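A.B. asks: Just so you know, the sequences run in chain order A and B. Take any residue in the first sequence, count from 1 to its spot, add 2: that is its number in the numbering used here. Take any residue in the second sequence, count from 1 to its spot, add 2: that is its number in the numbering used here.
Protein chains: 2
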Amino acid sequence: MKFTIKRSIFVDHLNNVQRAISSRTTIPILTGIKIAVLDSGIILTGSDSTISIEIYISKEDESNQLSIAETGSIVLPSRFLGDIVKKLPEDQLTLEVQDNLQTVIRSGESVFNLNGTAGSEYPTLPEIDADSTYVLPGHLFKRVVNHTIISVSNQQIRPLFTGVHFILADEQLKAVSTDSHRLSQRIVPLTMPEESRGKALEINIPGQTLTELTRLVDDNEDIEMMVTDNQVLFKIDNVYLYSRLLEGNYPDTDRLLSLDYNTKIKVDAQELVHAVERALILSHQGKNNVVKLSLSQEEAILSGHSSEIGYVKERLSLLSFEGDDLEISFNPDYLREALRSFGGQDVVVRFVNPTHSFILTPSEDEDEFNMVQLITPIRTPGN
Amino acid sequence: MKFTIKRSIFVDHLNNVQRAISSRTTIPILTGIKIAVLDSGIILTGSDSTISIEIYISKEDESNQLSIAETGSIVLPSRFLGDIVKKLPEDQLTLEVQDNLQTVIRSGESVFNLNGTAGSEYPTLPEIDADSTYVLPGHLFKRVVNHTIISVSNQQIRPLFTGVHFILADEQLKAVSTDSHRLSQRIVPLTMPEESRGKALEINIPGQTLTELTRLVDDNEDIEMMVTDNQVLFKIDNVYLYSRLLEGNYPDTDRLLSLDYNTKIKVDAQELVHAVERALILSHQGKNNVVKLSLSQEEAILSGHSSEIGYVKERLSLLSFEGDDLEISFNPDYLREALRSFGGQDVVVRFVNPTHSFILTPSEDEDEFNMVQLITPIRTPGN
Numbered sequence: 003m004k005f006t007i008k009r010s011i012f013v014d015h016l017n018n019v020q021r022a023i024s025s026r027t028t029i030p031i032l033t034g035i036k037i038a039v040l041d042s043g044i045i046l047t048g049s050d051s052t053i054s055i056e057i058y059i060s061k062e063d064e065s066n067q068l069s070i071a072e073t074g075s076i077v078l079p080s081r082f083l084g085d086i087v088k089k090l091p092e093d094q095l096t097l098e099v100q101d102n103l104q105t106v107i108r109s110g111e112s113v114f115n116l117n118g119t120a121g122s123e124y125p126t127l128p129e130i131d132a133d134s135t136y137v138l139p140g141h142l143f144k145r146v147v148n149h150t151i152i153s154v155s156n157q158q159i160r161p162l163f164t165g166v167h168f169i170l171a172d173e174q175l176k177a178v179s180t181d182s183h184r185l186s187q188r189i190v191p192l193t194m195p196e197e198s199r200g201k202a203l204e205i206n207i208p209g210q211t212l213t214e215l216t217r218l219v220d221d222n223e224d225i226e227m228m229v230t231d232n233q234v235l236f237k238i239d240n241v242y243l244y245s246r247l248l249e250g251n252y253p254d255t256d257r258l259l260s261l262d263y264n265t266k267i268k269v270d271a272q273e274l275v276h277a278v279e280r281a282l283i284l285s286h287q288g289k290n291n292v293v294k295l296s297l298s299q300e301e302a303i304l305s306g307h308s309s310e311i312g313y314v315k316e317r318l319s320l321l322s323f324e325g326d327d328l329e330i331s332f333n334p335d336y337l338r339e340a341l342r343s344f345g346g347q348d349v350v351v352r353f354v355n356p357t358h359s360f361i362l363t364p365s366e367d368e369d370e371f372n373m374v375q376l377i378t379p380i381r382t383p384g385n
Numbered sequence: 003m004k005f006t007i008k009r010s011i012f013v014d015h016l017n018n019v020q021r022a023i024s025s026r027t028t029i030p031i032l033t034g035i036k037i038a039v040l041d042s043g044i045i046l047t048g049s050d051s052t053i054s055i056e057i058y059i060s061k062e063d064e065s066n067q068l069s070i071a072e073t074g075s076i077v078l079p080s081r082f083l084g085d086i087v088k089k090l091p092e093d094q095l096t097l098e099v100q101d102n103l104q105t106v107i108r109s110g111e112s113v114f115n116l117n118g119t120a121g122s123e124y125p126t127l128p129e130i131d132a133d134s135t136y137v138l139p140g141h142l143f144k145r146v147v148n149h150t151i152i153s154v155s156n157q158q159i160r161p162l163f164t165g166v167h168f169i170l171a172d173e174q175l176k177a178v179s180t181d182s183h184r185l186s187q188r189i190v191p192l193t194m195p196e197e198s199r200g201k202a203l204e205i206n207i208p209g210q211t212l213t214e215l216t217r218l219v220d221d222n223e224d225i226e227m228m229v230t231d232n233q234v235l236f237k238i239d240n241v242y243l244y245s246r247l248l249e250g251n252y253p254d255t256d257r258l259l260s261l262d263y264n265t266k267i268k269v270d271a272q273e274l275v276h277a278v279e280r281a282l283i284l285s286h287q288g289k290n291n292v293v294k295l296s297l298s299q300e301e302a303i304l305s306g307h308s309s310e311i312g313y314v315k316e317r318l319s320l321l322s323f324e325g326d327d328l329e330i331s332f333n334p335d336y337l338r339e340a341l342r343s344f345g346g347q348d349v350v351v352r353f354v355n356p357t358h359s360f361i362l363t364p365s366e367d368e369d370e371f372n373m374v375q376l377i378t379p380i381r382t383p384g385n
């Protein structure tokens with residue numbers, strides 16, 4: 003096996019494949035990158051047990067400056083390969099595998115000799131044989147993920163909650179996540195593939211998979227999605243990301259969402275974020291990381307305290323206030339992340355009482371559940 | 003005590019004072035910043051046991067927008083004070099200490115209430131009563147420190163070697179450092195103060211002190227230095243840095259420096275740095291972190307290897323070669339740091355034999371010891 007390629011292109015693709023590779027893997031070969039050289043191009047593969055990324059580098063694309071002298075495949079240590087290729091002196095490199103799996107990488111006056119592993123020892127990726135291909139614009143997909151990823155749990159005790167629940171039906175995509183302290187929901191329109199009209203697809207995609215996808219896709223690219231029983235394949239141009247799905251029946255979360263309220267406020271999300279960020283300087287030092295919001299017709303006060311350091315009071319200027327006076331306590335980190343997920347929009351917050359979860363919706367679409375953040379309060383001795 | 007000040011100015015000064023404060027201190031009050039308010043301005047003080055930084059903010063300087071309502075002093079928790087002031091909403095803040103040491107910081111609609119400690123409990127700084135003031139231009143001081151700091155030891159076993167040895171005499175400053183594996187020396191001209199002409203001053207300044215000083219001084223500022231028995235005070239504009247000195251007699255290092263050689267090469271420092279950086283990708287994985295340099299009239303090869311990963315050979319293009327063939331092994335990190343300390347200059351390297359230390363000097367000044375890096379080789383089974 004032997005090929006020559008433009009180094010800067012190779013570096014970029016190696017970086018993307020490396021996203022799938024975990025240094026904590028217990029399967030030694032998965033610390034490597036598989037390089038398969040075909041007549042028409044090169045396939046790079048990296049994987050941990052959840053995600054696999056495959057990138058196809060075509061000979062036809064002249065910008066790759068790819069010339070293939072001999073086909074074959076090899077697995078090379080991922081981290082070193084990346085470090086070496088990044089630092090080679092010239093903008094072209096030749097990679098050649100010798101009889102004993104010794105791999106020689108040449109660039110200018112540098113010659114690296116790496117111990118490789120046979121490509122045939124690398125696990126094969128699952129075959130995705132799906133009926134339908136869903137197409138999602140990159141910018142929309144990113145917005146869905148950024149809105150819901152904050153409520154994904156990092157506790158492995160309930161694996162289902164480490165993912166986002168996707169429902170694709172009725173020409174829309176509904177994404178829901180919850181860690182049982184908070185919940186995020188985002189609904190966007192979706193052009194369903196012809197074969198899937200009238201059907202509903204429900205899957206649970208690992209949060210890690212979604213995070214990697216948002217890093218791989220550009221706003222103006224499309225993501226193609228194909229689903230089988232327990233696997234999903236996302237295709238972005240020449241990049242293929244395979245992921246397992248999380249098994250289990252996601253709980254019905256619709257019953258948690260209600261427009262009922264006893265207190266309703268409208269706020270400038272940015273201004274409230276800044277106040278929360280000041281309050282949590284002190285609340286992070288307290289035992290429970292809790293801040294208190296006191297709302298009345300006269301004033302709105304956000305306060306935080308730490309018995310060691312001191313306390314803070316922030317007077318908020320609300321855009322509107324409606325309903326009963328209220329004192330409610332909660333984790334300020336949750337509110338900060340929820341507010342940030344709305345970007346610069348004004349936000350409406352509906353409260354029922356100090357022990358009932360409260361919901362945030364954008365001011366422009368406040369009576370729909372297209373974009374919701376829900377937060378469960380913390381009961382304090384006073385409530 | 004009460005004053006109002008421009009927030010952005012206060013943030014900058016707090017950041018500088020915080021450089022002296024260690025979160026690992028065992029003396030609780032030293033986790034705080036002392037704020038002393040006089041009629042004419044404010045003094046901020048931070049300290050660990052080695053370094054103290056004092057900054058004077060004058061009322062006369064109108065850019066400070068400082069107005070003083072009441073004098074006094076207080077100690078506030080350094081980290082929180084910094085975080086809070088950085089995030090306050092307006093560009094002006096008022097700080098007021100109440101009867102019970104409760105300190106109120108107001109800015110816009112934010113009100114912080116911090117538990118303070120009486121300023122009188124803060125340790126007093128040493129008095130520096132020196133005869134002479136040495137003046138060093140900032141850019142020159144930085145060059146001296148950057149050249150010598152690399153050979154400062156981080157091993158507390160020999161405290162003297164954790165500092166740089168300064169000799170101020172005969173209208174020059176000579177700085178030497180060594181960790182016993184390598185040695186750095188830099189000599190620069192110095193305008194001696196009148197009172198010190200004909201005398202010599204030898205002091206050992208902790209490496210940490212010098213590093214902080216390079217961060218505090220701008221190229222076009224002067225550093226004033228005053229020395230007593232076991233303390234040194236550096237003054238840069240309105241910033242005062244106090245440091246203890248390291249005690250002990252620094253060994254005579256002149257005998258280690260010699261222009262004798264059996265092999266001499268001239269190299270482009272940048273090119274060699276890049277080759278070393280590639281070689282150490284592999285040597286860092288080996289047991290001893292060692293690379294080998296093979297020099298002859300015909301070729302110069304730098305090689306590194308790791309039994310697990312593989313090996314690398316770099317063919318170097320020397321600017322000149324003189325003397326005997328040589329094979330010598332050494333720590334590539336030392337060579338990289340030494341080469342970098344010369345900036346973009348061509349460098350001359352003189353070798354005696356594979357077990358004798360070798361020295362680097364700039365090509366333009368190769369026969370002087372004004373700018374020297376010395377590296378001890380590593381004996382390998384072959385040598």
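We put the beta carbon where it would ideally sit given N, CA and C, even for glycine. All values reported here derive from a predicted model rather than from experimental measurement.
Report the three-state DSSP secondary structure of A:S1 (helix, strand or coil).
C.D. replies: It is not possible to answer for residue 1 of chain A, since the shown part of chain A is limited to 3 through 385.
A.B. asks: Pick out the complete alpha helix (DSSP H) segments inside the stretch 6-48 of chain A, 4 residues or longer, and give them in chain order.
C.D. replies: 9-20
A.B. asks: Looking at B:G140 and B:I35, is the spacing between their C-beta atoms short of 9 Å?
C.D. replies: Taking the first residue of the second sequence as 1, we reach residue 35 of chain B at position 33. Taking the first residue of the second sequence as 1, we reach residue 140 of chain B at position 138. In this structure, B:I35 sits away from B:G140, with a CB-CB distance that is not shorter than 9 Å.
A.B. asks: Going along chain B, which residues have a C-beta under 7 Å from A:L127?
C.D. replies: Here residue 127 of chain A refers to the residue found at position 125 of the first sequence. Result: empty, since nearest Cβ-Cβ is about 26 Å, beyond 7 Å.
A.B. asks: For A:V137, is the classification buried or exposed, using 16 other Cβ atoms within 10 angstroms of its Cβ as the cut-off for buried?
C.D. replies: Walking along the first sequence from the start, residue 137 of chain A turns up at place 135. Looking at its Cβ environment, which holds fewer than 16 other Cβ atoms inside 10 Å, A:V137 is exposed.
A.B. asks: Here's a check: name, in chain order, each residue in its chain whose Cβ is nearer than 6 Å to the Cβ of B:S179, leaving out the five neighbours to either side.
C.D. replies: The residue given as residue 179 of chain B occupies position 177 in the second sequence. Answer for B:S179: T150, S153, V154, V166, S186, listed in chain order.
A.B. asks: Would you report the Cα separation of A:T193 and A:R26, rounded to the nearest angstrom?
C.D. replies: The residue you call residue 193 of chain A lines up with position 191 of the first sequence. The residue you call residue 26 of chain A lines up with position 24 of the first sequence. Whole-angstrom Cα-Cα distance: 39 Å.
A.B. asks: Where does A:D231 sit, in a helix, a strand or coil, going by DSSP?
C.D. replies: Reading the first sequence from its first residue, position 229 is the one you call residue 231 of chain A. Three-state result, A:D231: coil.
A.B. asks: For B:G200, count neighbouring C-beta atoms within 10 Å of its own C-beta (all shown protein chains included) and say buried if the count is 16 or more, exposed if not.
C.D. replies: Along the second sequence, read from residue 1 onward, the residue named residue 200 of chain B stands at position 198. Classification of B:G200: exposed, given that the 10 Å Cβ count is below 16.
A.B. asks: Starting from the beta carbon of A:N115, find every residue of chain B whose beta carbon is closer than 9 Å, and list them in chain order.
C.D. replies: For the purposes of this step, residue 115 of chain A is taken as the residue at position 113 of the first sequence. What A:N115 touches in chain B: H307, G312, Y313, V314, K315.
A.B. asks: Any beta-carbon of chain B closer than 9 Å to the one on A:K89?
C.D. replies: Numbered from its first residue, the first sequence carries residue 89 of chain A at position 87. Yes, contact with chain B.
A.B. asks: So A:Q375 and A:L362 are supposed to be a Cβ contact under 8 Å. How far apart are they, rounded?
C.D. replies: Within the first sequence, numbered from 1, the residue matching residue 375 of chain A stands at position 373. Within the first sequence, numbered from 1, the residue matching residue 362 of chain A stands at position 360. Yes, A:Q375 and A:L362 are in contact; Cβ-Cβ is about 4 Å, under 8 Å.
A.B. asks: Run the CB neighbour count on A:E339, radius 10 Å, all protein chains shown included, and call it buried at 16 or more, exposed below.
C.D. replies: Looking up residue 339 of chain A in the first sequence gives position 337. Around the beta carbon of A:E339, 16 or more other beta carbons sit within 10 angstroms, so the residue counts as buried.
A.B. asks: State the DSSP-derived secondary structure class of B:P364, mapped to helix, strand or coil.
C.D. replies: Taking the first residue of the second sequence as position 1, residue 364 of chain B is located at position 362. Looking at B:P364 - three-state DSSP - the assignment turns out to be strand.
A.B. asks: Along chain A, in chain order, which residues have C-beta atoms closer than 9 Å to that of B:E279?
C.D. replies: For the purposes of this step, residue 279 of chain B is taken as residue 277 along the second sequence, with counting starting at 1. Those are K89, listed as they occur along chain A.
A.B. asks: Would you mind listing the alpha helix (DSSP H) stretches within the stretch 215-295 of chain A that are 4+ residues and don't spill past its ends, in chain order?
C.D. replies: 271-285
A.B. asks: Within 9 Å (strictly less), CB to CB, does A:E370 reach chain B?
C.D. replies: Working through the first sequence from its first residue, we reach residue 370 of chain A at position 368. Judged by the 9 Å Cβ criterion, A:E370 is not in contact with chain B.
A.B. asks: The beta strand (DSSP E) that contains A:R145, what's its start and end?
C.D. replies: By one-based count along the first sequence, residue 145 of chain A stands at place 143. Taken as a continuous stretch (DSSP letters only), A:R145 belongs to no beta strand (DSSP E), being part of the alpha helix (DSSP H) at 140-150.
A.B. asks: Return the residue from the list B:V292, B:D326, B:E123 that minimises the CA-CA distance to B:T378.
C.D. replies: Reading the second sequence from its first residue, position 376 is the one you call residue 378 of chain B. B:T378 has its Cα closest to that of B:V292, out of B:V292, B:D326, B:E123.
A.B. asks: Can you list, in chain order, the residues of the stretch 61-88 of chain B whose Cβ is nearer than 7 Å to any Cβ on chain A?
C.D. replies: P79, F82, D85, I86
A.B. asks: Compute the Euclidean distance between the alpha carbons of A:H15 and A:L46, then round it to the nearest angstrom.
C.D. replies: By one-based count along the first sequence, residue 15 of chain A stands at place 13. By one-based count along the first sequence, residue 46 of chain A stands at place 44. Cα-Cα distance, rounded: 8 Å.
A.B. asks: Can you check whether the CB of B:I283 is closer than 9 Å to the CB of A:I86?
C.D. replies: Numbered from 1 along the first sequence, position 84 holds the residue referred to as residue 86 of chain A. Numbered from 1 along the second sequence, position 281 holds the residue referred to as residue 283 of chain B. Between A:I86 and B:I283, the CB-CB gap stays under 9 Å.
A.B. asks: Among A:E129, A:R184, A:L142, which one has its Cα closest to the Cα of A:Q233?
C.D. replies: In the first sequence, counting from the first residue as 1, residue 233 of chain A sits at position 231. That would be A:E129, whose Cα lies nearest to the Cα of A:Q233.
A.B. asks: Looking at C-beta atoms only, is the number of pairs between the stretch 55-68 of chain B and the stretch 350-368 of chain A that lie closer than 8 Å three or more?
C.D. replies: no
A.B. asks: Can you check whether the C-beta of A:T105 is within less than 9 Å of a C-beta belonging to chain B?
C.D. replies: Translated into positions along the first sequence, residue 105 of chain A becomes position 103. Yes, its Cβ sits closer than 9 Å to a Cβ of chain B.
A.B. asks: Could you check where the alpha helix (DSSP H) with B:V87 kicks off and where it finishes?
C.D. replies: The residue you call residue 87 of chain B lines up with position 85 of the second sequence. First-last of the alpha helix (DSSP H) with B:V87: 80-89.
A.B. asks: Counting only the same chain and skipping the five closest in sequence on each side, list residues whose C-beta sits under 7 Å from that of B:G209.
C.D. replies: Residue numbering aside, residue 209 of chain B sits at position 207 when the second sequence is read from its first letter. Result list for B:G209: I151, V154, T164, G165, V166, in chain order.
A.B. asks: Suppose only complete runs of 3+ residues qualify. What are the beta strand (DSSP E) ranges in the stretch 48-128 of chain B, listed by chain order?
C.D. replies: 53-60, 69-72, 74-79, 94-99, 104-109, 112-117
A.B. asks: What did DSSP end up calling B:Q157 once you bin it into helix, strand or coil?
C.D. replies: In the second sequence, the residue the question calls residue 157 of chain B occupies position 155. If DSSP states are grouped into helix, strand and coil, B:Q157 belongs with coil.
A.B. asks: Which runs of the beta strand (DSSP E) at least 3 residues long sit entirely within the stretch 152-204 of chain A? Give them in chain order.
C.D. replies: 165-171, 174-180, 184-191
A.B. asks: Can the beta-carbon of B:L248 be found less than 9 Å from the beta-carbon of B:N222?
C.D. replies: The residue given as residue 248 of chain B occupies position 246 in the second sequence. The residue given as residue 222 of chain B occupies position 220 in the second sequence. Contact: no.
A.B. asks: Excluding five sequence neighbours on each side, which residues of the same chain lie with their C-beta closer than 7 Å to the C-beta of A:S298?
C.D. replies: Along the first sequence, read from residue 1 onward, the residue named residue 298 of chain A stands at position 296. Excluding sequence neighbours, A:S298 sits near D327.
A.B. asks: Examine chain A for any beta-carbon lying closer than 9 Å to the beta-carbon of B:N385, and answer yes or no.
C.D. replies: As a first step, residue 385 of chain B must be located in the second sequence, where it is residue number 383. Any reading at B:N385 must be qualified, since the residue scores a pLDDT of 47, below 50, and its modelled position is unreliable; the value itself is stated next. Using a CB distance cut-off of 9 Å, B:N385 does not count as an interface residue toward chain A.
A.B. asks: Per DSSP, which one or two residues make a beta bridge with B:Q375?
C.D. replies: The sequence position of residue 375 of chain B within the second sequence is 373, counting from 1. B:Q375 is bridged to B:S186, B:L362.
A.B. asks: Out of curiosity, what's the CA-to-CA distance linking A:E368 and A:T265?
C.D. replies: Numbered from 1 along the first sequence, position 366 holds the residue referred to as residue 368 of chain A. Numbered from 1 along the first sequence, position 263 holds the residue referred to as residue 265 of chain A. Taking the straight line joining both Cα atoms gives about 14 Å.
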